[in-house]
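Everything below concerns the one structure shown next.
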Amino acid sequence: MKILVVGDGGREHAIAWKLLQSSRVTGVFCAPGNGGTALLAKCCNVPLLSDDFEGLYRFVLTNAIRLVVVGSEVPLAKGITDYFSQYGVLVFGPSQLGAQIEASKTWAKTLMEEAGIPTGRWASFTDAESAYTYVEQQTTPIVVKVDGLAAGKGVTVAMTVEEAQSAIAAGFDGQFGDAGQRLIIEEYLTGREISVLALTDGTTICPLIPVQDHKRIGENDTGANTGGMGVYGPIPWVTAELMRRIQQDILEPAIAQLKQRDITYRGVLYAGLMITPDGEPKVIEFNCRFGDPETQVVLPLLETQLDQLLLACVNGTLAEETITWKPRVAACVVAAAQGYPGHYNKGNLITGIGMGTDPGVMIFHAGTRLNTSTNPPVLVTNGGRVFGVTALGDNFQTAFSLAYSALNTIQFDGIYYRRDIGHQVR
Ligand code: AMP
Ligand code: GLY
22 MKILVVGDGG
32 REHAIAWKLL
42 QSSRVTGVFC
52 APGNGGTALL
62 AKCCNVPLLS
72 DDFEGLYRFV
82 LTNAIRLVVV
92 GSEVPLAKGI
102 TDYFSQYGVL
112 VFGPSQLGAQ
122 IEASKTWAKT
132 LMEEAGIPTG
142 RWASFTDAES
152 AYTYVEQQTT
162 PIVVKVDGLA
172 AGKGVTVAMT
182 VEEAQSAIAA
192 GFDGQFGDAG
202 QRLIIEEYLT
212 GREISVLALT
222 DGTTICPLIP
232 VQDHKRIGEN
242 DTGANTGGMG
252 VYGPIPWVTA
262 ELMRRIQQDI
272 LEPAIAQLKQ
282 RDITYRGVLY
292 AGLMITPDGE
302 PKVIEFNCRF
312 GDPETQVVLP
322 LLETQLDQLL
332 LACVNGTLAE
342 ETITWKPRVA
352 ACVVAAAQGY
362 PGHYNKGNLI
372 TGIGMGTDPG
382 VMIFHAGTRL
392 NTSTNPPVLV
402 TNGGRVFGVT
412 ALGDNFQTAF
422 SLAYSALNTI
432 QFDGIYYRRD
442 IGHQVR
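Positions in the sequence shown are counted from 1; adding 21 to them yields my numbering.
Put into structure tokens, the structure is as follows:
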């Protein structure tokens, strides 16, 4: 079986790497992929962008691709699954309507309200004046979010009314395009933030291990929000009872409510959750895809073959599957280019990077490119988050120490990473 993975991040490298461990998978193609997928055995990069549906379809036909796995929310929200489904091509990832659960915060909050899913109080606005008036009546901190996809840049946790009002002004000033036509204002939730990714075929929903991301750029969780600077899992304090509540009060009602709207949601439903001080899980947001870097710790710990689970989601047979895990823990630290999440340089030479020096250490590339115009070819930086180093261990101390030692051997101009990832468990 040949599989096409759409995307170019660390997540897609991890997906391709895990798929290739299955004896049923004869080859993986990545469109467009990165320097890591270019170097992976039995994996080939395809120079097609994720919104070139026609080009991707031609590639699928010519290469007898059995399954398309979509990494990012952007092509899903543009309807890549609907486009391929009309030609009978199997796609892992929800339809355009299903992807609204991430692509419109108002849509997602309405769904949660209908399903009785616990989440922060909220209100939705299409003009700045009413939003200004609303925040004056609320307590701070308060959270302002543009409604649409904003690559993680559309959320402001405002400490004062003035800060909330400038976020409202910025939201409506056009910089977010269509995503900023509407925004929501949400109650500030306190507690511990976790990510639970779940596989679903639209009826059955199977949560994967709970993991903890580190969203802020700076140590001690300071500075700007990013896509995620490091992650570990499974989280030791998340009990089976808490997972049961998440399943029963959040994941199952979400899938049932999507069904109520005639949406058979197949793919990953990712719940970003706040576990409040009294132990209650509340939804911060839903995403319609695998998380990044979350996937870089979840897949190395997964024992079951990924192709089998993804096909079961697409074919509606997930209830027949059992998911098993390695009895270990995983730690991932992300290396970014100086300046990220703001402006950063590309094209810097990366040295010391290799897969498989230690069998328990994986390097998942994100913003890297294989420059083949030199002899021998070299790896250069090509994005904000450049790669993630994942290490497995019998405990978090070992896993983090392995991850940081591997990271120490890799160099590029302006390399930056947080040294406190997993401080909660080390
Ligand atoms: P989002 O893109 O909605 O996940 O928001 C980005 C980050 O902002 C989250 O990972 C949280 O750390 C923070 N955040 C978002 N909404 C809230 C909220 N209602 N209360 C507290 N923090 C929040
Ligand atoms: N790491 C956060 C996300 O994938 O949205």
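All C-beta atoms, glycine included, are put in the ideal place defined by N, C-alpha and C. Values in this document were obtained by computation on a predicted structure and should not be read as measured data.
Could you spell out the range, first to last residue, of the beta strand (DSSP E) harbouring residue i?
{"i": "Ala356", "result": "Val350 to Ala358"}
{"i": "Ala420", "result": "Segment Phe417 to Asn429 is the alpha helix (DSSP H) holding Ala420; no beta strand (DSSP E) there."}
{"i": "Tyr253", "result": "Gly251 to Gly254"}
{"i": "Ser216", "result": "Arg213 to Thr221"}
{"i": "His386", "result": "Val382 to His386"}
{"i": "Ile101", "result": "Taken as a continuous stretch (DSSP letters only), Ile101 belongs to no beta strand (DSSP E), being part of the alpha helix (DSSP H) at Ile101 to Ser106."}
Report the rounded CA-to-CA distance for residue i versus residue j, giving the unit in angstroms.
{"i": "Leu400", "j": "Thr372", "result": "8 Å"}
{"i": "Ala200", "j": "Pro397", "result": "44 Å"}
{"i": "Ser187", "j": "Gln278", "result": "35 Å"}
{"i": "Asp434", "j": "Cys309", "result": "34 Å"}
{"i": "Val167", "j": "Ala352", "result": "31 Å"}
{"i": "Thr325", "j": "Ile296", "result": "28 Å"}
{"i": "Gln202", "j": "Val182", "result": "21 Å"}
{"i": "Ala357", "j": "Phe50", "result": "25 Å"}
{"i": "Val319", "j": "Glu150", "result": "44 Å"}
{"i": "Thr102", "j": "Asn66", "result": "21 Å"}
{"i": "Thr160", "j": "Glu184", "result": "13 Å"}
{"i": "Tyr291", "j": "Ala129", "result": "12 Å"}
{"i": "Asp299", "j": "Gly48", "result": "48 Å"}
{"i": "Asn241", "j": "Tyr209", "result": "19 Å"}
{"i": "Thr140", "j": "Pro302", "result": "8 Å"}
{"i": "Gly76", "j": "Leu69", "result": "7 Å"}
{"i": "Ser422", "j": "Gln233", "result": "18 Å"}
{"i": "Ala52", "j": "Glu157", "result": "47 Å"}
{"i": "Val90", "j": "Gly109", "result": "15 Å"}
{"i": "Ser10", "j": "Lys63", "result": "Residue coverage of the chain in this structure runs from 22 to 447, which leaves residue 10 outside it and unanswerable."}
{"i": "Tyr253", "j": "Gly375", "result": "22 Å"}
{"i": "Lys367", "j": "Gly388", "result": "9 Å"}
{"i": "Gln418", "j": "Gln317", "result": "18 Å"}
{"i": "Arg287", "j": "Ser116", "result": "8 Å"}
How far does the alpha helix (DSSP H) with residue i in it reach, from first residue to last?
{"i": "Met133", "result": "Lys126 to Ala136"}
{"i": "Tyr155", "result": "Ala149 to Glu157"}
{"i": "Pro274", "result": "Glu273 to Gln281"}
{"i": "Gly293", "result": "Counting along the chain, Gly293 falls outside any alpha helix (DSSP H), though it belongs to the beta strand (DSSP E) covering Gly288 to Ile296."}
{"i": "Asn336", "result": "Leu327 to Asn336"}
{"i": "Glu184", "result": "Val182 to Phe193"}
{"i": "Ala98", "result": "Glu94 to Ala98"}
{"i": "Pro321", "result": "Thr316 to Leu322"}
{"i": "Val81", "result": "Phe74 to Thr83"}
{"i": "Arg45", "result": "Taken as a continuous stretch (DSSP letters only), Arg45 belongs to no alpha helix (DSSP H), as it is neither H nor E."}
Taking the alpha carbon of residue i as the point to measure from, which residue in the options has its own alpha carbon closest?
{"i": "Val289", "options": "Tyr108, Arg142 and Gly312", "result": "Gly312"}
{"i": "Val452", "options": "Val67, Leu77 and Ile86", "result": "With the chain running from 22 to 447 in the structure shown, residue 452 is simply not present."}
{"i": "Phe408", "options": "Pro314, Thr345, Lys99 and Gly254", "result": "Pro314"}
{"i": "Phe193", "options": "Pro162, Ala152 and Gly173", "result": "Ala152"}
{"i": "Asp270", "options": "Pro228, Arg237, Thr177 and Ser145", "result": "Pro228"}
{"i": "Lys174", "options": "Ile276, Arg237 and Pro255", "result": "Arg237"}
{"i": "Trp346", "options": "Ala136, Gly239 and Pro321", "result": "Pro321"}
{"i": "Ser145", "options": "Glu207, Ala136 and Ala190", "result": "Glu207"}
{"i": "Leu218", "options": "Gly195, Met264 and Gln196", "result": "Met264"}
{"i": "Thr19", "options": "Asp379, Ala275, Asn416 and Gln317", "result": "Nothing in the structure corresponds to residue 19, since the chain is present only between 22 and 447."}
{"i": "Gly223", "options": "Phe80, Arg79 and Glu273", "result": "Glu273"}
{"i": "Leu220", "options": "Lys280, Asp148 and Gly114", "result": "Gly114"}
{"i": "Thr343", "options": "Arg349, Val350 and Leu330", "result": "Leu330"}
{"i": "Gly24", "options": "Val81, Arg32, Gly31 and Glu94", "result": "Looking at the sequence provided, one finds Ile at residue 24 rather than Gly. Looking at the Cα atoms, Val81 is the closest of the given residues."}
{"i": "Val178", "options": "Ala424, Thr211 and Gly405", "result": "Thr211"}
{"i": "Ala420", "options": "His444, Ile436 and Asn403", "result": "His444"}
{"i": "Ile215", "options": "Leu204, Pro255 and Gln196", "result": "Pro255"}
{"i": "Leu323", "options": "Ile189, Arg349, Thr338 and Val304", "result": "Arg349"}
{"i": "Gly360", "options": "Phe105, Leu170, Arg142 and Thr247", "result": "Thr247"}
{"i": "Asn403", "options": "Tyr425, His364, Lys126 and Ile205", "result": "His364"}
{"i": "Trp143", "options": "Ile205, Ala120, Ile284 and Pro380", "result": "Ile205"}
{"i": "Ala172", "options": "Pro362, Gln121, Lys280 and Pro162", "result": "Pro362"}
Please go through the same chain and pick out, in chain order, the residues whose beta-carbon is closer than 6 Å to the beta-carbon of residue i, but skip the five residues on each side of it.
{"i": "His34", "result": "Gly57, Thr58, Phe385 and His386"}
{"i": "Leu327", "result": "Lys39 and Leu40"}
{"i": "Glu306", "result": "Gly293"}
{"i": "Glu250", "result": "First, the amino acid is wrong: residue 250 is Met here, not Glu. Contacts found: His235, Val355 and Arg439."}
{"i": "Leu111", "result": "Leu88 and Val335"}
{"i": "Ala427", "result": "Val382 and Val410"}
{"i": "Ile267", "result": "Val217 and Pro302"}
{"i": "Val259", "result": "Pro231"}
{"i": "Gly244", "result": "Arg237 and Ile238"}
Go through its chain and collect everything with a Cβ distance to residue i's Cβ below 7 Å, but skip five positions before and after it.
{"i": "Ala340", "result": "Thr225"}
{"i": "Pro96", "result": "Val27, Ser71 and Asp72"}
{"i": "Asp29", "result": "Pro53, Gly54 and Asn55"}
{"i": "Pro257", "result": "Val446"}
{"i": "Leu332", "result": "Leu88"}
Checklist line | For the ligand GLY, residues whose Cβ lies under 5 Å from any non-hydrogen atom | finding: Asp234, Gly249, Gly312 and Asp313
Next item on the list: Specify which residues have a beta carbon nearer than 5 Å to any heavy atom of the ligand AMP, listing them in chain order.
Entry: Gly141, Val164, Val176, Glu207, Tyr209, Leu210, Lys236, Gly293, Ile305 and Glu306
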